[in-house]
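Here the structure comes first, spelled out in structure tokens, and everything after it is commentary.
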Amino acid sequence: MQHLGGSTESCPFSFNFEPSTFKVGDMVSYRIPERFEDFPFVGTLVEVHADYVMISTNDPTCPELVLKGTREARPVVDFAQLPSTSV
């Protein structure tokens, strides 16, 4: 993700889009398509399993919020996992 919006500025985030190399601490772009379509959210992997990942939302107002996502280039998270106050 370089040169966003035609600008010469690079994206300030370094994402891992390669599921086979996912490791704890990697920053990923995840999505919640049933509510937000393809809108990108940024999270940090806190657990990596064979077929799913656990993603910290890095939300300072809810630091304990961790979401289960699919193990793919841009993990998919089920909207039902979000607390009702975060919508």
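Residue numbering for the sequence shown follows this note's numbering, beginning at -2 and increasing consecutively.
The beta-carbon is built from N, C-alpha and C at its ideal position, and this holds for glycine as well.
All values derive from a computational prediction rather than experimental measurement.
Where the alpha helix (DSSP H) containing residue i begins and where it ends
i	result
F19	Where F19 is concerned, there is no enclosing alpha helix (DSSP H), given that its DSSP letter is neither H nor E.
F33	P30 to F33
Beta carbon of residue i nearer than 7 Å to that of residue j
i	j	result
P37	S26	yes
P9	R68	no
V63	R28	no
E34	F76	no
Proximity winner among the options, relative to residue i (alpha-carbon distances)
i	options	result
E61	P72, E31 and V43	V43
C59	E34, P80 and V39	P80
V50	E31, V21, F76 and E6	V21
N13	E6, Q78 and A70	A70
Beta-bridge partners of residue i, as assigned by DSSP
i	result
F38	Y27
T67	Y49
Extent of the continuous beta strand (DSSP E) to which residue i belongs
i	result
S53	Y49 to S53
Status (buried if at least 16 other CB within 10 Å, exposed otherwise) for residue i
i	result
D56	exposed
D23	buried
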